[in-house]
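For what it's worth, numbering that gives the first Met the number 0 labels the leading residue of the sequence shown as 0, then goes sequentially.
Ideal placement from N, C-alpha and C gives every residue a C-beta, glycine not left out.
Everything numeric in this text was worked out from a predicted model, so none of it was measured.
The structure under discussion appears below in the form of structure tokens.
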Amino acid sequence: MVSDFSKTISENFDVLAGTYEYNEDGEAEFDGEPVAYRGLFLIDKQGVVRHQVVNDLPLGRSIKEALRIVDAWQFHEENGEVCPANWEPGDDAMEATSAGVASYLSKHQ
0 MVSDFSKTIS
10 ENFDVLAGTY
20 EYNEDGEAEF
30 DGEPVAYRGL
40 FLIDKQGVVR
50 HQVVNDLPLG
60 RSIKEALRIV
70 DAWQFHEENG
80 EVCPANWEPG
90 DDAMEATSAG
100 VASYLSKHQ
């Protein structure tokens, strides 16, 4: 979890509301109020974005869903299996193969 008072992270991840306009000297100036959209990014140890969600300004985020996604990613890293939709800790997962998906679906219809 990080704080972004300078808006540098928001700008780099393209979640800053507003646009840049160029003045008569060719310099970029921010047009509008530099407010960050509600962004959530799950970044692994190698710096790869594994999950992202960006909500418009009036829409909040679900902490419960964010924690579920973190749990699912940690489960995958520890076990190598993938987590189906609505997976919760303790639920079955599946191998990331056609046979693994077929096996999972045959048990969970």
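Residue ranges of uninterrupted beta strand (DSSP E) with 3 or more members, entirely inside the stretch 0-82 and ordered along the chain, are 15-21, 27-35, 37-42 and 48-54.
Beyond the five residues adjoining it in sequence on each side, Val34 comes within less than 6 Å, by CB distance, of Ala16 in the same chain, given in chain order.
The Cβ atoms of Glu77 and Ala95 lie no closer than 9 Å to each other. Sequence-distant Cβ neighbours of Tyr103 in its own chain, meaning closer than 6 Å and more than five residues away, are Met93.
From the listed residues Asn54, Pro88, Gln45 and Gly59, the smallest Cα separation to Leu66 is found for Pro88.
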